[in-house]
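**Q**
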Amino acid sequence: MWNLLLLMLERIGIIVTVAFLMTRVRYFRTVIHQRDVTDRQRLPVMIMFGLFGILGTYTGLVVSTNSLGLSSWAMGLDENEAIANSRVIGIVIAGLIGGWKIGFGAGLIAGIHRYMLGGFTAFSCSISGILAGLLAGLVHKRLQKSRRYVPPVVALIVGGLAEALQMGLILLISRPFDQAYQLVAEIGLPMIVANGIGTAIFVLVISSVFHEEEKMGAIQAQKALRLAEMTIGHLRQGLSTKTAEATCNILLKEVQASAVAITNQQVILAHVGVASDHHQPNQQIQTEGTQHVLHEGKLLIADKDAINCHYQDCPLDQAVIAPLKRKSETVGTLKFYFQNEKDISTVTIEFIKGLSSLLSQQLEIADADRYFQLMKEAEIKALQAQVSPHFLFNALNTIVSLVRIDPDKARKLLISLSRYFRKNLESSTHPMTTLSQEFEHVNAYLSIEKERFIEKMEVFYEVEDEKVMGHKIPTMTLQPLVENALKHGMKGLTMKGTITISVQKQGPGVLVTVKDNGKGIRKERMNELLHKPISSETGTGIGLYNVNRRLEMMFGKGSMLDIRSSEGKGTAVRFYLSSESKGGRNDVQ
Numbered sequence: 000m001w002n003l004l005l006l007m008l009e010r011i012g013i014i015v016t017v018a019f020l021m022t023r024v025r026y027f028r029t030v031i032h033q034r035d036v037t038d039r040q041r042l043p044v045m046i047m048f049g050l051f052g053i054l055g056t057y058t059g060l061v062v063s064t065n066s067l068g069l070s071s072w073a074m075g076l077d078e079n080e081a082i083a084n085s086r087v088i089g090i091v092i093a094g095l096i097g098g099w100k101i102g103f104g105a106g107l108i109a110g111i112h113r114y115m116l117g118g119f120t121a122f123s124c125s126i127s128g129i130l131a132g133l134l135a136g137l138v139h140k141r142l143q144k145s146r147r148y149v150p151p152v153v154a155l156i157v158g159g160l161a162e163a164l165q166m167g168l169i170l171l172i173s174r175p176f177d178q179a180y181q182l183v184a185e186i187g188l189p190m191i192v193a194n195g196i197g198t199a200i201f202v203l204v205i206s207s208v209f210h211e212e213e214k215m216g217a218i219q220a221q222k223a224l225r226l227a228e229m230t231i232g233h234l235r236q237g238l239s240t241k242t243a244e245a246t247c248n249i250l251l252k253e254v255q256a257s258a259v260a261i262t263n264q265q266v267i268l269a270h271v272g273v274a275s276d277h278h279q280p281n282q283q284i285q286t287e288g289t290q291h292v293l294h295e296g297k298l299l300i301a302d303k304d305a306i307n308c309h310y311q312d313c314p315l316d317q318a319v320i321a322p323l324k325r326k327s328e329t330v331g332t333l334k335f336y337f338q339n340e341k342d343i344s345t346v347t348i349e350f351i352k353g354l355s356s357l358l359s360q361q362l363e364i365a366d367a368d369r370y371f372q373l374m375k376e377a378e379i380k381a382l383q384a385q386v387s388p389h390f391l392f393n394a395l396n397t398i399v400s401l402v403r404i405d406p407d408k409a410r411k412l413l414i415s416l417s418r419y420f421r422k423n424l425e426s427s428t429h430p431m432t433t434l435s436q437e438f439e440h441v442n443a444y445l446s447i448e449k450e451r452f453i454e455k456m457e458v459f460y461e462v463e464d465e466k467v468m469g470h471k472i473p474t475m476t477l478q479p480l481v482e483n484a485l486k487h488g489m490k491g492l493t494m495k496g497t498i499t500i501s502v503q504k505q506g507p508g509v510l511v512t513v514k515d516n517g518k519g520i521r522k523e524r525m526n527e528l529l530h531k532p533i534s535s536e537t538g539t540g541i542g543l544y545n546v547n548r549r550l551e552m553m554f555g556k557g558s559m560l561d562i563r564s565s566e567g568k569g570t571a572v573r574f575y576l577s578s579e580s581k582g583g584r585n586d587v588q
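Shown next as structure tokens:
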């Protein structure tokens, strides 16, 4: 018995070797990685594991019940002979990996072959092969939802149970019973132990290979993501000579390549490393391989002939050229050059393919960012350009009236009006200004309106520290708030109205408040003011909604208007200006 166990374990070494070779077959690897085998894949997998079961039969040991002797390599059996084999390993693995259908198919193939060899256990052994496949398939169904790979312990148990099932069927079906009993007593325990261990080792071989592959893939993915993160600051600015050179320098340090290059559709944007003496920025693309990738939009592994550089002594021998795409359009190439063909492994190719995809996404994001920025600037300019014709009409009427009675004052008002409109025009090209310049704009507006409300209003300025007056603020922010206080807060007011504009230093930014002692705003009206535009026939047309929208777009939600008002007690509108705008710039041009 122990001699048989040792001999079977030796034969299982052959099975394990074949298992390892199977993991090298791409089709087999693809099937293993899938959770479900498709109908198209099912037949080839059945045949493959069925043949594996047949190999387990042929590598078995022939046992004669007459002499209890052993002989190697079973090619045919007499009536008193049986086989101590490892057929069940292939069948059980088929069921554990592919489910009951594949287990059944592999068991059927291996079972028919076993039946054709003859012997007094032919029928019971062929039936047991089919049942072993079904048993393993049921275990697969239980494991499918919770585990990706079969645990070796489970494989050990299922392999042993399948072999125990075969021993039971031999006792139930094979005749004469005494001969069957004698056979099971001799080979039962060694076969149960050996096939259980063999099945577990088979699973361990598969698991170790794929775990190592996944580990390598994870390392490469991590490396690609790290490189994408390192280059994001450059490529988000678009594809240019400057950004391409910075990107190539980063990639060359991280990837074991002789040179790295990036091109657009016409010229070399950057080439870092070997052959940089004649592959220079802004030169026309010189290699045919690059032209091919630009045209086909697919990764190319190029040798020296495919690179076909026009420079006679070019040292570039091997290259992997990947497309850089925006959506479906190939806009450039990413090229890695190598000195030897052996340096270009499958892992390297997959890494470059993944990296080019990540860099392509960065280019798409850069385009989306630019588009969004243009849209935002267009909206800001549209908001800034809104000036009501009613304001202009009223101002000109006031000036016309003063021309007759006080020409000098009319002249001053006309100058104030021209300053006011000049500031409006500047706002379309200069989105940011300083608090000091914004105060001047407010003064120009008030000098016009004071002529109409000279006895009804007074304006106060409260500036905590003159240094804050250099702080950045979106153009045409204060004037609409002052206008709102003047036109709506003072409307129907019997006493003299006051408007107070205060600026206070608060942390890294400033808090700006425009307060009046007017009639206040109803609560339901306050909710409308900041969430939808409200037209006015008497104002400049740049309402609170407009100002609030621009503050949010340029500084974020933390700078949105905060309105506090009580009916009959006045209104205070305030907002916070941080030290830096949302876009990272506070330019005053």
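Under numbering that gives the first Met the number 0, think of the first position of the sequence shown as 0, with each following residue one higher. Where is the CB? At the ideal position from N, CA and C, for every residue including glycine.
The beta strand (DSSP E) that contains residue 78, what's its start and end?
**A** The residue you call residue 78 lines up with position 79 of the sequence shown. Here residue 78 belongs to no beta strand (DSSP E), and DSSP marks it neither H nor E.
**Q** State the Cα-Cα distance for the pair residue 568 and residue 468, rounded to the nearest angstrom.
**A** Locating residue 568 in the sequence shown gives position 569, counting from the first residue. Locating residue 468 in the sequence shown gives position 469, counting from the first residue. Taking the straight line joining both Cα atoms gives about 29 Å.
**Q** Taking only the alpha-carbon atoms, compute the straight-line gap between residue 180 and residue 7 and give it to the nearest angstrom.
**A** For the purposes of this step, residue 180 is taken as residue 181 along the sequence shown, with counting starting at 1. For the purposes of this step, residue 7 is taken as residue 8 along the sequence shown, with counting starting at 1. Near 20 Å, if we compare the C-alpha coordinates of residue 7 and residue 180.
**Q** Report the option in 500, 304, 576 whose CA atom is closest to the CA atom of residue 506.
**A** Position 507 of the sequence shown, counted from the start, is the residue given in the question as residue 506. The residue with the shortest Cα to Cα distance from residue 506 is 576.
**Q** Which of the three DSSP states is assigned to residue 228 in this structure?
**A** Indexing the sequence shown from 1 puts residue 228 at position 229. Here residue 228 sits in helix by DSSP.
**Q** Buried or exposed for residue 444, going by 16 or more other Cβ atoms inside 10 Å?
**A** Mapped onto the sequence shown, residue 444 falls at position 445. The residue in question, residue 444, is buried, as its Cβ has 16 or more Cβ neighbours within 10 Å.
**Q** Could you check where the beta strand (DSSP E) with residue 270 kicks off and where it finishes?
**A** On the sequence shown, residue 270 is found 271 positions in, with the first residue counted as 1. 267-272 is the extent of the beta strand (DSSP E) around residue 270.
**Q** Which partner residues does residue 457 have in the DSSP bridge list?
**A** Within the sequence shown, residue 457 is the residue found at index 458, counting from 1. 497, per the DSSP bridge assignment.
**Q** Quick one, are the C-beta atoms of residue 346 and residue 186 less than 9 Å apart?
**A** Within the sequence shown, residue 346 is the residue found at index 347, counting from 1. Within the sequence shown, residue 186 is the residue found at index 187, counting from 1. Cβ distance not < 9 Å, so residue 346 and residue 186 don't count as in contact.
**Q** Helix, strand or coil, according to DSSP, for residue 306 in the structure here?
**A** As a position in the sequence shown, residue 306 is number 307, starting the count at 1. In the structure shown, residue 306 sits in a helix (DSSP, three-state: H, G or I).
**Q** State whether the region 221-239 contacts the region 348-361, with contact taken as three or more CB pairs (one from each stretch) at a distance under 8 Å.
**A** Segments in contact, yes.
**Q** According to DSSP, is residue 323 part of a helix, a strand, or is it coil?
**A** What you label residue 323 is simply residue 324 of the sequence shown in a count that begins at 1. Residue 323 falls in the strand class under three-state DSSP.
**Q** Suppose you measure from the CA of residue 49 to the CA of residue 288; what does that come to, to the nearest Å?
**A** Counted from its first residue, the sequence shown places residue 49 at position 50. Counted from its first residue, the sequence shown places residue 288 at position 289. About 45 Å.
**Q** Residue 486 to residue 466, Cα distance in whole Å?
**A** The count along the sequence shown starts at 1 and reaches residue 486 at position 487. The count along the sequence shown starts at 1 and reaches residue 466 at position 467. When rounded, the distance between both Cα atoms is 31 Å.
**Q** Does DSSP classify residue 16 as helix, strand or coil?
**A** Taking the first residue of the sequence shown as position 1, residue 16 is located at position 17. DSSP places residue 16 in helix when its eight states are reduced to three.
**Q** Does the region 77-84 come close enough to the region 119-129 to have 3 or more Cβ pairs within less than 8 Å?
**A** At 8 Å Cβ cutoff, the stretches touch.
**Q** Pairing CB atoms from the region 209-220 with CB atoms from the region 158-166, are three or more of them under 8 Å?
**A** Flag = no, the region 209-220 and the region 158-166 do not touch.
**Q** Go ahead and label residue 20 buried or exposed: buried means 16 or more other beta carbons lie within 10 angstroms of its beta carbon, across all protein chains shown.
**A** Position 21 of the sequence shown, counted from the start, is the residue given in the question as residue 20. Exposed, because fewer than 16 other Cβ atoms sit within 10 Å of the Cβ of residue 20.
**Q** According to DSSP, is residue 537 part of a helix, a strand, or is it coil?
**A** Residue 537 sits at position 538 when you count from the first residue of the sequence shown. The predicted model places residue 537 with a pLDDT of 48, which falls under 50 and marks its position as unreliable; any figure quoted below should be read in that light. Coil, per DSSP.
**Q** Can you tell which of 496, 509, 522 has its C-alpha closest to the C-alpha of residue 515?
**A** Position 516 of the sequence shown holds residue 515. Here the closest residue by C-alpha is 496.
**Q** Please specify which runs of the alpha helix (DSSP H), each continuous and at least 4 residues long, are wholly inside the region 147-218, giving them in chain order.
**A** Listed in chain order, the complete alpha helix (DSSP H) runs (minimum 4 residues) inside the region 147-218 are 151-172.
**Q** Around the C-beta of residue 176, are 16 or more other C-beta atoms found within 10 angstroms, so that it is buried, or is it exposed?
**A** For the purposes of this step, residue 176 is identified with residue 177 of the sequence shown, where counting begins at 1. Label assigned to residue 176: exposed.
**Q** Of all the options 478, 479, 434, which has the alpha carbon lying nearest to the alpha carbon of residue 504?
**A** Within the sequence shown, residue 504 is the residue found at index 505, counting from 1. Measuring from the Cα of residue 504, the nearest candidate turns out to be 434.
**Q** Please classify residue 432: does DSSP put it in a helix, a strand, or coil?
**A** Position 433 of the sequence shown, counted from the start, is the residue given in the question as residue 432. Here residue 432 sits in strand by DSSP.
**Q** Name the DSSP bridge partner or partners of residue 473?
**A** In the sequence shown, counting from the first residue as 1, residue 473 sits at position 474. Beta-bridge pairing links residue 473 to 431.
**Q** Please state whether DSSP places residue 223 in a helix, a strand or coil.
**A** On the sequence shown, position 224 is the one that residue 223 refers to. Helix.
**Q** Taking its Cβ as the centre, do 16 or more other Cβ atoms sit within 10 Å of residue 517, making it buried, or is it exposed?
**A** Start at 1 with the first residue of the sequence shown, and residue 517 comes out as number 518. When all chains shown are included, residue 517 counts as buried.
**Q** Pull up the DSSP beta-bridge partners for residue 462, would you.
**A** In the sequence shown, residue 462 corresponds to position 463, counting from 1. Beta-bridge pairing links residue 462 to 502.
**Q** From the DSSP output, which residues share a beta bridge with residue 331?
**A** What you label residue 331 is simply residue 332 of the sequence shown in a count that begins at 1. Bridge partners of residue 331: 323.
**Q** Alpha carbons only, please: which of 158, 298, 183 is nearest the one belonging to residue 192?
**A** The residue you call residue 192 lines up with position 193 of the sequence shown. Selected option, being the one with the closest Cα: 158.
**Q** Among the residues of its own chain, which have a CB less than 6 Å from the CB of residue 91, if the five just before and after it don't count?
**A** Locating residue 91 in the sequence shown gives position 92, where the first residue counts as 1. Hits under 6 Å: 131, 135, 157, 158, 161, 198.
**Q** Tell me which same chain residues have a C-beta within less than 6 Å of the C-beta of residue 86, skipping the five on either side of it?
**A** Here the question's residue 86 lines up with position 87 in the sequence shown. For residue 86, where only same-chain residues beyond five positions count, the Cβ hits under 6 Å are 52, 55, 56, 109.
**Q** Contact defined as beta carbons within less than 8 Å: I believe residue 204 pairs with residue 335. What is the distance between those atoms, to the nearest angstrom?
**A** Mapped onto the sequence shown, residue 204 falls at position 205. Mapped onto the sequence shown, residue 335 falls at position 336. Their Cβ separation, rounded to whole angstroms, is 34 Å, which puts residue 204 and residue 335 out of contact at 8 Å.
**Q** Please state whether the Cβ-Cβ distance between residue 406 and residue 553 is less than 9 Å.
**A** Here residue 406 refers to the residue found at position 407 of the sequence shown. Here residue 553 refers to the residue found at position 554 of the sequence shown. Not a contact, by the Cβ cut-off of 9 Å.
**Q** Among 190, 250, 256, 281, which residue has its Cα nearest to the Cα of residue 265?
**A** For the purposes of this step, residue 265 is taken as the residue at position 266 of the sequence shown. The shortest Cα separation from residue 265 among 190, 250, 256, 281 belongs to 281.
**Q** Fully enclosed by the region 240-267, which beta strand (DSSP E) runs are 3 residues long or longer?
**A** With a minimum length of 3 residues, the continuous beta strand (DSSP E) runs that stay inside the region 240-267 are 258-262.
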